[in-house]
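J.: Position 258, counted from 1, in the sequence shown is what our numbering calls 245; the numbers after and before it change by one each time, with no gaps. Below is one structure. I have some questions about it.
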Amino acid sequence: MAPVVHMPEPLCLIENTNGQLLVNPKALKILSAIQQPVVVVAIVGLYRTGKSYLMNKLAGKNKGFCVGSTVQCHTKGIWMWCVPHPEKPNHILVLLDTEGLGDIEKDDKKSDTQIFVLALLLSSTFVYNTMNTIDQRAIDLLHYVTELSNLLRTVTSPDLDGVDNAPDFMNVCPDLVWTVRDFYLDLEANGRLITADEYLENSLRPKQGTDRHLQNFNLPRLCIQKFFPIKKCFIFDLPTHRKKLAQLETLHNDDLDPEFVQQVADFCSYIFSHSKTKTLSGGIKVNGSHLESLVRTCVSAINSGDLPCMENVLGLAQITNSSAVQKAIDHYDQQMGQKLQLPTETLQELLDLHRVSEKGAMEVFMKNSFEDIDQGFQETLEILLEAKQNDFCKRNLEASLNRCSALLQDIFHPLEEDVKQGIYSKPGGHRLFLQKREELKAKYYQAPRKGIQAEKALQKYLQSKESVSVTIWQTDLVLTAREKEMEEARVKAEFMKAEEKRLGAILMQHQQRMEQRERLHREQVRQMEIKRLYQQALQQRDQERRLKEEAEKLKERFQAESRKLQDEIQHPQRNDSPDDTCILL
């Protein structure tokens, strides 16, 4: 079973003597004996703002950490009070009360920064105690110290027993609890009531825009939000009448403003229930021994000069930001080297990858930069990245051209060999050459990863071979003309032969028609002669018939006359004259 920690009162952990931080061996011994996980709550703020009062309440006491009632700062350095955690069994609550910031009696102002940074690095819950409101000065100060703590993390590697990843020991950021004392404003925004958390959220919200003034406004807010993923805000009314503040630690709750009493109770309840165990980035829980090593390491780093003071912030910014620029460039080179395969199919592909790598580089710079107020180093980084982009574009063009040249040589080499062997030196060869060239062009277009110079390289190659095409075309014309003449002669001969045959056939047909006409004519003559003879025979027959008819008529007439004569002879009349008889006779 772990030994019980007994600290009836706070003890100085880190003493601030003449600008030098000294670790109290007695306090370290107490820490080294703590085997349980520790929850470390540190408070920082201006002097004379009631920090110690809140820490006493967290310890469950009215007295302990010194609560002053004058204008002088009472707490010097960092004081520690280890008590059993009221809600987490087998855990120790380590309370760190810090020297007030802004004490006008201090000769060395850099101790404010050192105390502030130490509180950040040692705590798992960081209480930032400010007066009246959340203002720009408080935000800038918190931003400045978070940047310094980030810097100190990069140069500090604590040697902790049982910790394998010591360089990452301090990479877990504390939770932020922002306490606003003697708050006198109305919690209202845009005509509606808001909570204290919304007040903090609104105060840390960046503004939309890209101009330099807005960037300066947004930078500390973005950094604070990134440094403190978990944030909580408490506001406190004035505890009591100002004349009674001198006896604050002796006053009972009945003597205090009920609102203030409730606010303190809410604050303590949140700390007890939400403050997390001090944890390494690998998930290892910190115990007292680990915390002792962390204190030694951080104080040693600060005393060795790794943490600059306010007066040397420009020098720090110069060194840190130059390093941040180089880290960003190294990140960009690494990303482009891993993901970029030259040549790219399109320029947009390269630009998209550049933008992604550029964004990552900017994130690396923002993470590692410090107080780049005028964005001079950021502008330098942007110029370097633009130069990198231009260089990659140039290399992309060269890689594309080299790839396409090699590909063209490989694809069109068989065609060049065929040309040398005279395959296309024949009639119609130019057409065959063009057909083959189109087939090879299609094969070239189908080849992958030619890059953005694909068309330009192809046209350049084709232009360089244009004389070959012209030569094949001219040869084709000559051979085609000769072949055409021969073809024309052959066609003419065939035509003459066919014409002769045709004329012979026509003549034969003519002769046949003439013979047919002649036969027809003879036939017609014969028919006409037959018809004539027939007509003649008819006429002769008619004539004979008529003669016969006339003869018959004459015969009948003669007979009639004969009968008449006989009758007259037989019966002569008296008055007939002899002349009539003679006529009849």
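Heads up, the beta-carbon is just placed ideally off N, CA and C, and yes, glycines get one too. Because the structure is a prediction, the values reported are computed rather than measured.
By Cβ distance below 8 Å, which residues in the same chain neighbour residue 247 in space, the five residues on each side in sequence not counted?
T.: Answer for residue 247: 223, 224, 225, 226, 227, listed in chain order.
J.: For residue 71, which beta-bridge partners are listed by DSSP?
T.: In the DSSP output, where bridge partners are listed per residue, residue 71 has 79.
J.: Please classify residue 17: is it buried, with 16 or more other beta-carbons within 10 angstroms of its beta-carbon, or exposed?
T.: Buried is the call here.
J.: Report the residue from 105, 241, 312 whose alpha carbon sits nearest the alpha carbon of residue 28.
T.: Of the listed residues, the one whose Cα sits closest to residue 28 is 105.
J.: Using a Cβ-Cβ cutoff of less than 7 Å, which residues in the same chain neighbour residue 207 once the five nearest sequence positions on both sides are dropped?
T.: Taken in chain order, the residues that qualify are 126, 127, 130.
J.: Can you tell me where the alpha helix (DSSP H) holding residue 363 begins and where it ends?
T.: Taken as a continuous stretch (DSSP letters only), the alpha helix (DSSP H) holding residue 363 covers 363 to 407.
J.: For residue 265, count neighbouring Cβ atoms within 10 angstroms of its own Cβ and tell me buried if that reaches 16, exposed if not.
T.: Buried: at least 16 other Cβ atoms inside 10 Å.
J.: Taking its Cβ as the centre, do 16 or more other Cβ atoms sit within 10 Å of residue 51, making it buried, or is it exposed?
T.: When all chains shown are included, residue 51 counts as buried.
J.: Could you check if residue 295 is buried or exposed, using at least 16 other CB atoms within 10 Å of its CB as the buried criterion?
T.: Because residue 295 sits at a pLDDT of 49, beneath the cut-off of 50, its placement in the model cannot be relied upon, and the following sentence gives the value as read from the coordinates. Buried, since its Cβ has 16 or more Cβ neighbours within 10 Å.
J.: Under three-state DSSP, which class holds residue 117?
T.: Three-state DSSP puts residue 117 in a strand.
J.: Report the option in 166, 63, 543 whose CA atom is closest to the CA atom of residue 4.
T.: With distances taken between Cα atoms, residue 4 lies closest to 63.
J.: Can you find at least 3 beta carbon pairs, one from the segment 202 to 222 and one from the segment 66 to 76, that sit closer than 8 Å?
T.: Contact fails: fewer than three Cβ-Cβ distances are below 8 Å.
J.: Roughly how many whole angstroms lie between the Cα atoms of residue 156 and residue 364?
T.: Reliability of the predicted coordinates at residue 156 is poor, the pLDDT of 38 falling under 50, and the value obtained from them is presented with this limitation in mind. The straight-line gap from Cα to Cα measures roughly 29 Å.
J.: Of all the options 162, 288, 329, which has the alpha carbon lying nearest to the alpha carbon of residue 262?
T.: Among 162, 288, 329, the Cα nearest to that of residue 262 belongs to 162.
J.: On the DSSP bridge assignment, give the partners of residue -1 in chain order.
T.: In DSSP, residue -1 forms a bridge with 66.
J.: Could you tell me if residue 182 is buried or exposed, where buried requires 16 or more neighbouring beta carbons within 10 angstroms of its beta carbon?
T.: Result: exposed.
J.: Among all the DSSP beta bridges, which residues are the ones paired with residue 175?
T.: Paired residues: 180.
J.: Straight-line CA distance for residue 87 to residue 372?
T.: Roughly 44 Å separates the two Cα atoms.
J.: Could you spell out the range, first to last residue, of the beta strand (DSSP E) harbouring residue 220?
T.: 218 to 222 is the extent of the beta strand (DSSP E) around residue 220.
J.: Which stretch, first to last residue, makes up the beta strand (DSSP E) that contains residue 32?
T.: Here the beta strand (DSSP E) through residue 32 covers 25 to 32.
J.: Starting from residue 489 and walking both ways along the beta strand (DSSP E), at which residues does that stretch end?
T.: Segment 453 to 557 is the alpha helix (DSSP H) holding residue 489; no beta strand (DSSP E) there.
J.: How many Å lie between residue 397 and residue 200 at the Cα?
T.: When rounded, the distance between both Cα atoms is 59 Å.
J.: Leaving aside the five residues before and after residue 463 along the sequence, list all residues of the same chain whose C-beta is less than 7 Å from its C-beta, in chain order.
T.: Result list for residue 463: 414, 415, 416, 417, in chain order.
J.: Should the segment 417 to 430 be called in touch with the segment 368 to 385, which here means at least 3 C-beta pairs below 8 Å?
T.: Contact fails: fewer than three Cβ-Cβ distances are below 8 Å.
J.: Once DSSP output is grouped into helix, strand and coil, what is the label at residue 22?
T.: Residue 22 falls in the coil class under three-state DSSP.
J.: Taking the continuous beta strand (DSSP E) assigned at residue 7, which residues delimit it?
T.: Start and end: 7 to 10.
J.: So what does DSSP say about residue 124, is it helix, strand or coil?
T.: Of the three classes helix, strand and coil, the one that applies to residue 124 here is helix, per DSSP.
J.: What are the partner residues of residue 88, as DSSP defines its beta bridges?
T.: The partner list for residue 88 (beta bridge, DSSP) reads 33.
J.: Taking the CB atoms as reference points, tell me whether residue 573 and residue 107 lie closer together than 8 Å.
T.: Outside the modelled stretch of the chain, which goes from -12 to 572, sits residue 573, for which no answer is possible.
J.: Please name the residue in 23, 166, 321, 557 whose C-alpha comes closest to that of residue 39.
T.: Here the closest residue by C-alpha is 166.
J.: Please determine if the segment 344 to 353 and the segment 393 to 410 are in contact, where contact requires at least 3 C-beta pairs separated by less than 8 Å.
T.: In short, these stretches do not touch, since the Cβ pair count stays below three.
J.: Could you spell out where the beta strand (DSSP E) holding residue 167 opens and where it closes?
T.: Start and end: 162 to 168.
J.: Between 379, 176, 113, which has its C-alpha nearest residue 328's C-alpha?
T.: For the residues 379, 176, 113, the minimum Cα distance to residue 328 belongs to 379.
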